[in-house]
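Data first, discussion second: the structure below is written as structure tokens.
Chains as they are written, first to last, in the numbering used here: chain A, 477 to 770; chain B, 559 to 996.
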């Protein structure tokens, strides 16, 4: 609340004149949106500090005294299996997003800059793929990978997430706009091979799009639940989402682990926030530099 | 240079994928010859999906004593999703050898041919269990589809101190329960005796069992569905009346609001099952030492009964290549005195085995001031009625949540909600191709 009051007039005074017509309304709407998005995060932050006894008994936004104990309990839970889950998640999201970005960039570049039979069909199929939610595909993918003998392996979670129709679509649109045909022609006349052309000319120009795809895909895999839940049987290969869920649905026989789950959720947020804060800067400058070239 | 590095990475990735694929295949194939040869050069390897806490530690003592049969535990998320996951895995042809199966889910596993009939191997274990529990794994047929692990006989939990404060007696019949609820409401409208939850079909199913309901039964190849039978309608009418009068609560269990009411004493009692101490300890920490337990109120005081709310069994996958070894392990886990003691102590399981129940000595922490918790539980559990669940309990339970949620909201007839459950269940079974006898 205090933050909202502090920033709203500041934004108003910074841009006098033309913007006056709208007043503080856009800022207020954006602040409301931010509040709407950030409140659950704030709740997780506060709730993670509460001990089991405090969780349901103290006021919602009042910090508790149990954060360190929660962290210690979580680290000790089943001999530290949480850290293994976190490591798995980093593997799935890191490797998956990198591979996905590579595939998207190369396919997008090819679709945008090469004429070949079936190009229109391939692109339309991809557009159709954008419309199909990944959730719907999880079970068919499981049956397919079971046939291939891959169900339950690390690959069963990585492979389906490498091909991202939305990523390819984004890369194609960006490549079409950001890579001038003249530049490619010039490089060809200079004798560059197609491989060199792609790696040294096209891909550097597509970097902002690639950062965007990487971030999107990283977040998508990091938070994905259904695919690993269906694919994996061995709990030592679970990512955090599925692991935390096993703690949530642990049956009524023992006291619930809500406080540990909330603490685990908080820990799972930290790498995402860190990634966005570091990559965001890149992302913004490069997006604008890409647009200037147009 | 750049391209070469990239293709090298791709080659490594492909090789890893192939290696993973191959090793996955061979592990499955080697298990079966070893099991059938009798003199295993390599131990039989079994996988086991369960969500019992510390099961990996319990299994260690089996693995240490049985080098020829090695069990690997994979801890799963429990509940309906676990059943869906197992069914999907069975369909795809790679289920675990052993799986924890909740009693109400077992028939859906049987209907999908996902679990084996282990009558030949598990028949002798029958003597270790009560009639009521055993009927849950036979589905009332001659087959045996699982070995019971834990059970959840329903009991009546109440705040001793507050019962004294308001001068209430523990109700022994449902008539008394209703009178107690009314009397309490008159003395203090801010507190309630109990609640009816529209989000916990398991609880309602247990109460209907107590009244003598038989929702499903198997008649040869066909199913008989009688959810809207007289006992169920009686139970529904009873609770519908109390909710309408407003003398008991109508908020679902396990919500923060309900937790709070339980913790601060605005709800004086809870009709729950033997596992309630775990819930009370985490959701109502302030009530420690103030709660007591009694049998459920009865419909007929001279013929005491209870129902089950929760509980699960250990089933063997139909496609497991090592069925005999799997049943040996499941039998050990659920009947061997040492194993059952571990289950109860480390796994916080209320064992289904009669001897296991009798051997429980250390009372739950939450009831440490009232010794004899387990003795009471065993006595109550012995009055449990048998029951057969159907092949689509999830549909029935969802219909319960929808219909009763709406009935509570509109203050409408609970009997109509029961009929909606019956209709939804029968329609779904017809659609799935089950034969139904009227």
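For glycine and all other residues, C-beta sits at the position ideal for the given N, C-alpha and C.
Chain A contact for residue 639/B (CB, 8 Å cutoff): Numbered from 1 along the second chain, position 81 holds the residue referred to as residue 639/B. Yes, contact with chain A.
Beta-carbon proximity of residue 606/B to residue 870/B, cut-off 8 Å: Counted from its first residue, the second chain places residue 606/B at position 48. Counted from its first residue, the second chain places residue 870/B at position 312. No, Cβ-Cβ distance for residue 606/B and residue 870/B is not below 8 Å.
The stretch 691-704 of chain A: positions lying closer than 7 Å to chain B by Cβ: none
At least three beta-carbon pairs within less than 8 Å, the stretch 650-663 of chain A to the stretch 747-758 of chain A: Touching, no, given that fewer than three Cβ pairs across the two stretches are closer than 8 Å.
CB contact below 8 Å: residue 650/A versus chain B: Here residue 650/A refers to the residue found at position 174 when the first chain is read from its first residue. Chain B contact via Cβ: absent.
Members of the stretch 656-688 of chain B that neighbour chain A once the beta carbon cut-off is set at 8 Å: none
Burial state of residue 961/B (16 or more Cβ within 10 Å): Here residue 961/B refers to the residue found at position 403 of the second chain. Buried, by the Cβ-count rule.
Element boundaries [alpha helix (DSSP H), containing residue 617/B]: Within the second chain, numbered from 1, the residue matching residue 617/B stands at position 59. Residue 617/B -> alpha helix (DSSP H) spans 613-623.
Beta-carbon proximity of residue 1025/B to residue 775/B, cut-off 8 Å: With chain B covering only 559 through 996, there is no way to say anything about residue 1025/B.
Residue burial classification, residue 836/B (beta-carbon count within 10 angstroms, cutoff 16): As a first step, residue 836/B must be located in the second chain, where it is residue number 278. So residue 836/B ends up on the buried side.
Closest residue to residue 765/B among 624/B, 807/B and 711/B (Cα-Cα distance): As a first step, residue 765/B must be located in the second chain, where it is residue number 207. Here the closest residue by C-alpha is 711/B.
Cβ of residue 636/B within 8 Å of any chain A Cβ: By one-based count along the second chain, residue 636/B stands at place 78. Look at residue 636/B: its C-beta is under 8 Å from a C-beta on chain A.
Residue of 763/B, 698/B and 658/B minimising C-alpha distance to residue 779/B: In the second chain, counting from the first residue as 1, residue 779/B sits at position 221. Of 763/B, 698/B and 658/B, the residue nearest in Cα terms is 698/B.
DSSP bridge partner residues for residue 717/B (one or two, in chain order): If you number the second chain from 1, residue 717/B lands on position 159. Partner(s): 849/B.
Limits of the beta strand (DSSP E) - the one that residue 657/B falls within: What you label residue 657/B is simply residue 99 of the second chain in a count that begins at 1. Where residue 657/B is concerned, the enclosing beta strand (DSSP E) stretches over 656-660.
Cross-strand partners of residue 777/B (DSSP beta bridge): Position 219 of the second chain, counted from the first residue, corresponds to residue 777/B. Bridge partners of residue 777/B: 780/B.
DSSP bridge partner residues for residue 604/B (one or two, in chain order): Locating residue 604/B in the second chain gives position 46, counting from the first residue. Note: residue 604/B sits in a beta bridge opposite 629/B.
Interface partners of residue 823/B on chain A, CB under 8 Å: The count along the second chain starts at 1 and reaches residue 823/B at position 265. The contacting residues do not exist; residue 823/B stays about 12 Å from chain A at best.
Residue-level contact to chain B via CB, residue 533/A, 8 Å cutoff: Along the first chain, read from residue 1 onward, the residue named residue 533/A stands at position 57. By this cut-off, residue 533/A is an interface position.
Residues of its chain near residue 712/A, where Cβ-Cβ distance is below 7 Å and the 5 sequence neighbours each way are ignored: Here residue 712/A refers to the residue found at position 236 when the first chain is read from its first residue. Within the same chain, residue 712/A has close Cβ partners 560.
Of the residues 677/B, 609/B, 706/B and 701/B, the one placed nearest residue 894/B, counting alpha carbons only: What you label residue 894/B is simply residue 336 of the second chain in a count that begins at 1. Of the candidates 677/B, 609/B, 706/B and 701/B, 706/B places its Cα closest to the Cα of residue 894/B.
Presumed contact (8 Å Cβ cut-off) between residue 635/B and residue 614/A, rounded CB distance: Translated into the one-based positions of the second chain, residue 635/B becomes position 77. Translated into the one-based positions of the first chain, residue 614/A becomes position 138. About 16 Å; that fails the 8 Å criterion.
Inter-stretch contact (C-beta, 8 Å, three-pair minimum) for the stretch 850-864 of chain B and the stretch 878-888 of chain B: no
Beta-carbon proximity of residue 640/A to residue 576/A, cut-off 8 Å: Within the first chain, numbered from 1, the residue matching residue 640/A stands at position 164. Within the first chain, numbered from 1, the residue matching residue 576/A stands at position 100. Contact check for residue 640/A against residue 576/A passes: the beta carbons are separated by less than 8 Å.
Residue 750/B - partner residues in DSSP beta bridges: Here the question's residue 750/B lines up with position 192 in the second chain. Paired residue(s): 825/B.
Where the stretch 785-811 of chain B meets chain A: residues whose CB sits under 7 Å from a CB there: Answer in chain order: no residues at all.
Minimum Cβ-Cβ distance from residue 609/B to chain A less than 8 Å: Counted from its first residue, the second chain places residue 609/B at position 51. Closer than 8 Å to some Cβ of chain A, the Cβ of residue 609/B qualifies, so yes.
Residue-chain proximity (residue 647/B, chain A), Cβ-Cβ < 8 Å: Here residue 647/B corresponds to residue number 89 of the second chain, with the count starting at 1. Contact of residue 647/B with chain A is assigned, a C-beta pair being separated by under 8 Å.
Run of the alpha helix (DSSP H) containing residue 695/B, from where it starts to where it stops: If you number the second chain from 1, residue 695/B lands on position 137. Residue 695/B -> alpha helix (DSSP H) spans 689-696.
Beta carbon of residue 678/B nearer than 8 Å to that of residue 889/B: Locating residue 678/B in the second chain gives position 120, where the first residue counts as 1. Locating residue 889/B in the second chain gives position 331, where the first residue counts as 1. If you check the CB distance, residue 678/B and residue 889/B do not come in under 8 Å.
Cβ pair count under 8 Å reaching 3, the stretch 663-676 of chain A against the stretch 605-622 of chain A: no
Interface flag, residue 576/A vs chain E, CB-CB below 8 Å: Annotation note: the requested chain E is absent from the structure, which comprises protein chains A and B.
Beta-carbon proximity check, residue 912/B vs residue 686/B, cutoff 8 Å: Translated into the one-based positions of the second chain, residue 912/B becomes position 354. Translated into the one-based positions of the second chain, residue 686/B becomes position 128. A Cβ-Cβ contact shorter than 8 Å links residue 912/B with residue 686/B.
Sub-8 Å separation of residue 897/B and residue 654/B beta-carbons: Within the second chain, residue 897/B is the residue found at index 339, counting from 1. Within the second chain, residue 654/B is the residue found at index 96, counting from 1. Their beta carbons are not under 8 Å apart, which means residue 897/B does not touch residue 654/B by this criterion.
Residue-chain proximity (residue 606/A, chain B), Cβ-Cβ < 8 Å: The sequence position of residue 606/A within the first chain is 130, counting from 1. Interface flag for residue 606/A against chain B is unset, since no Cβ pair is found closer than 8 Å.
Residue environment, residue 732/A, which counts as buried when at least 16 other CB atoms sit within 10 Å: By one-based count along the first chain, residue 732/A stands at place 256. Per the 10 Å Cβ criterion, buried.
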